[in-house]
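This note's numbering puts the first residue of the sequence shown at 1076, with every later residue one more than the last.
No residue lacks a Cβ here, since even glycine has one placed at the ideal position from N, Cα and C.
For clarity, every value in this text was computed on a predicted model and none was experimentally measured.
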Amino acid sequence: MEMPAVAGMTENMNIALIIYLVFLIAIAVRSARRVKDIPDFFVARKGASAKAVAGSLVATILGGSAVIGAVDSGAKLGGAASWFMLVGALGLLALIPFAGRAYSHGKYALPDLVENLYGKGPRLVASFVIPVAWTGIVAAQIIASAKLLMTFTSMGYTTAAIVSAAVFTGYTLAGGQVSILRTDFMQACLIIAGLLLLAGFAKFGGGELGSVVASATTSVAPKFPFNTNFTPLDLFLLILTYGTTYTAGPDIYSRMFCAKDAATAKKAIGMAACVLIPVAFVIGFLAVYGVSLAGVQGARITAIANAVLPPALLPIFALALLSVVLSSADTTLLSSSIIINGLCSKPSLLQARVVILMNGLLALILALVFTDIIGTLLLALAVYAGAFTVPILWGLLGLKAKPKFVGAAIVAGGILALAGKLCPALPGSLGSHTGDILMIAAFVVNAVILALGRRPRVI
1076 MEMPAVAGMT
1086 ENMNIALIIY
1096 LVFLIAIAVR
1106 SARRVKDIPD
1116 FFVARKGASA
1126 KAVAGSLVAT
1136 ILGGSAVIGA
1146 VDSGAKLGGA
1156 ASWFMLVGAL
1166 GLLALIPFAG
1176 RAYSHGKYAL
1186 PDLVENLYGK
1196 GPRLVASFVI
1206 PVAWTGIVAA
1216 QIIASAKLLM
1226 TFTSMGYTTA
1236 AIVSAAVFTG
1246 YTLAGGQVSI
1256 LRTDFMQACL
1266 IIAGLLLLAG
1276 FAKFGGGELG
1286 SVVASATTSV
1296 APKFPFNTNF
1306 TPLDLFLLIL
1316 TYGTTYTAGP
1326 DIYSRMFCAK
1336 DAATAKKAIG
1346 MAACVLIPVA
1356 FVIGFLAVYG
1366 VSLAGVQGAR
1376 ITAIANAVLP
1386 PALLPIFALA
1396 LLSVVLSSAD
1406 TTLLSSSIII
1416 NGLCSKPSLL
1426 QARVVILMNG
1436 LLALILALVF
1446 TDIIGTLLLA
1456 LAVYAGAFTV
1466 PILWGLLGLK
1476 AKPKFVGAAI
1486 VAGGILALAG
1496 KLCPALPGSL
1506 GSHTGDILMI
1516 AAFVVNAVIL
1526 ALGRRPRVI
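Next comes the structure, spelled out in C-alpha cells:
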C-alpha cells in the first residue's frame, strides 16, 4: 500500500521522470555526434577538465549503496555511517601521490595499467576477473534503480528494471565516456542538492518539533566516530576493503584516464575528495535522523523524504535518488565493457558498442532473475580489494614482481578476501573475528607473494 505522500505525487513524478529522461537522451545524442573513434568513446580523447573529472568521480562514488546503504545503516552505526564517505575521501587523497605514474602508465582501463606494470599475463587475469564482478554490480544497480522507481511511480518491478537499464545503457552506448562525463556532472550536482535539501528539511523544516526530533534522535543514536557497533578495528577493515577501492579501483582509474594531463587528474581527485568530506557528514546526519522513523519498509532515505519534504519537492528528490544509482551504473558498465573490448586484437567503435549492449542485457537478465542479489554482489568490492589493491600500489611505487607471482598474489588475495566475507564466526572471542582475520590476511599474503617474486626496483 502506497503512503499518501507517494500516491499524491505519482503524476508529478511521472512528468518529472519524462523530462529527466528526455534530457539524458538529448545529452546522449549530442555526445554521439562528437564520438569519432575509440579514444573518443573510451576516454573522451583525454581532454576532460578537472571539473568534469571531479564531477564524474563524485557521481560515481555516491552511486548505489554508498548513499542508500549508509543511511539504512543508521540504526546500527548511527553517526559512524559518515565513515563510508570519509574513507572514500581518504582513499582518493591516498591516490594523489600515485596519480602521475598511474596516468602515464594507463591508457583506457585498469588492465592497461596492470600490463604496463607487470606484463600480459597479469593483465589477462584482471581482464577476466573484473568484468565478471562488475557486470554483477551493474545488475545490482539496476535492481536498486528499479526499486526506487517502484517507490515513486506506478511501475512494476520488471518495467522499472527495463526502463532503468535501457536509459543508462542507451546513453552509455551512444556517447561513451563523453556522455558519462556530461551526465555525471549534472547528476553529481543533483545528488548533492537532494541530500542538502533533505537534511535541511529534516533539521529545520519541521519548525521547533523537527529540531526536537532531530536532537532527541541524535542523543540516542550510536555516536560518531566510534561506538559499540563500529570500533577502530571496523574502521581499519573498512579502509582495507572499501577505502582502497578508491585508491586502486577500475572505475576511479577510468575517470582519471579521461583527464587532459596528470596535473588535471590530480586536481580533479583532490576536488572530489574535498566534496566528499562535507557530504559524508550530511549522510551521517540523515542516518541518525532515520533512526526516529518506525516501521520503515524499503530504503530509509525515502521514508525520511516522505516524512519531511513537501509533496511538491518529492519528485525532485526522487530524481536525485535515481541519479545516485544511474551515475554509478553507467561508469561501471563502461569500465567493464572497455576491459572486455581490450581482449580483442583490433577493437572498433562498433564492437565497443555491441559489447556495452550485450553487457547491459546480461546485467538486466541477472536483475530480473535474481532480485535479491545486491548484498551478495557487493562482496565483489571486498574481493577486488583483496586481489588487486596491493599489486597495483606495489607497481605504482616502482616495485616490480615476476608475472607468475603477481598472478598468484591476485588469486590468493581474492580467495582469502572472499573467504573472509563468507566464513561464519567461530566459537570464542578470537573466533568471532575469523572473517576479519581472513580479510587482513588477504592483503598480507598478497604482499608476501609479491615480495617473494620481487625484481629490482624501477625508478
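Using a 10 Å radius around the Cβ and a threshold of 16 neighbouring Cβ atoms, would you call residue i buried or exposed?
i       : result
Asn1521 : buried
Ala1082 : Here Ala1082 scores only 48 on pLDDT, less than 50, and its place in the model is too uncertain to base an answer on.
Met1088 : buried
Asp1112 : exposed
Phe1116 : buried
Leu1170 : buried
Thr1306 : exposed
Leu1527 : exposed
Gly1503 : exposed
Ile1094 : exposed
Ser1507 : exposed
Val1133 : buried
Val1519 : exposed
Thr1233 : exposed
Tell me which same chain residues have a C-beta within less than 6 Å of the C-beta of residue i, skipping the five on either side of it?
i       : result
Asp1147 : Arg1375
Thr1244 : Gly1435
Leu1501 : Thr1509
Val1189 : Pro1197, Arg1198, Ala1201
Val1481 : Tyr1193, Pro1197, Pro1466
Gly1122 : Lys1335
Asn1191 : His1180
Ala1129 : Ala1343, Met1346, Ala1347
Val1104 : none
Thr1320 : Leu1456, Ala1460
Give me, in chain order, the residues of the same chain whose beta-carbon lies closer than 7 Å to that of residue i; leave out the 5 immediate sequence neighbours on both sides.
i       : result
Gly1194 : Pro1478
Thr1247 : Ser1254, Ile1255, Asp1405, Leu1408, Leu1409, Ile1431
Gly1359 : Gly1154, Ala1156, Ser1157, Phe1299
Ala1235 : Ala1221, Leu1224, Met1225
Gly1318 : Val1162, Gly1163, Leu1165, Gly1166
Val1523 : none
Ala1382 : Leu1368
Pro1390 : Met1084, Asn1087, Met1088, Ala1091
Cys1498 : Thr1509, Gly1510, Leu1513
Ala1517 : Gly1461, Gly1488, Leu1491, Ala1492, Gly1495
Leu1471 : Phe1173, Arg1176, Ala1177
Please work out which residues of its chain come closer than 8 Å, Cβ to Cβ, to residue i, disregarding the five sequence neighbours upstream and downstream, and give them in chain order.
i       : result
Leu1312 : Asp1511, Met1514, Ile1515
Gly1231 : Met1225
Ala1184 : Phe1117, Pro1325, Tyr1328, Ser1329, Phe1332, Ser1410, Ile1413, Ile1414, Gly1417
Pro1422 : Ile1113, Asn1416
Ser1106 : Tyr1246, Ala1249, Gly1250, Gly1251, Val1253, Ser1254, Arg1257
Ile1485 : Pro1197, Val1200, Ala1201, Val1204, Ala1462, Phe1463, Pro1466, Asn1521
Determine, using beta carbons only, whether residue i and residue j come nearer to each other than 7 Å.
i       : j       : result
Arg1029 : Ile1136 : Nothing can be reported for residue 1029, as the shown portion of the chain is limited to 1076 through 1534.
Ala1127 : Phe1260 : yes
Asn1398 : Gln1216 : First, the residue type needs correcting, since residue 1398 is Ser and not Asn in the sequence shown. No, Cβ-Cβ distance for Ser1398 and Gln1216 is not below 7 Å.
Thr1316 : Ala1457 : yes
Gly1269 : Phe1098 : no
Gly1149 : Val1357 : no
Gly1251 : Val1110 : yes
Ala1395 : Leu1265 : yes
Ala1323 : Leu1468 : yes
Ala1438 : Val1238 : no
Quick one: what's residue i bridged to in DSSP?
i       : result
Lys1475 : Arg1530
Ala1123 : Ala1334
Phe1305 : Asn1302
Check whether the Cβ of residue i lies closer than 6 Å to any heavy atom of the ligand PLP, and answer yes or no.
i       : result
Phe1356 : This structure does not include the ligand PLP; it has no bound ligands of any sort.
Inset, instruction - Spell out a yes or no on whether the segment 1153-1169 and the segment 1339-1355 are touching, meaning 3 or more CB-CB pairs, one atom from each, closer than 8 Å. - result: Touching, per the Cβ criterion.
Inset, instruction - Pair every Cβ in the segment 1333-1340 with every Cβ in the segment 1164-1183, then say whether three or more of these pairs are closer than 8 Å. - result: yes
Legend entry - Inter-stretch contact (C-beta, 8 Å, three-pair minimum) for the segment 1296-1303 and the segment 1386-1398: no
Inset, instruction - Examine the Cβ distances between the segment 1435-1446 and the segment 1486-1503 and report whether three or more of them are shorter than 8 Å. - result: No, the segment 1435-1446 is not in contact with the segment 1486-1503.
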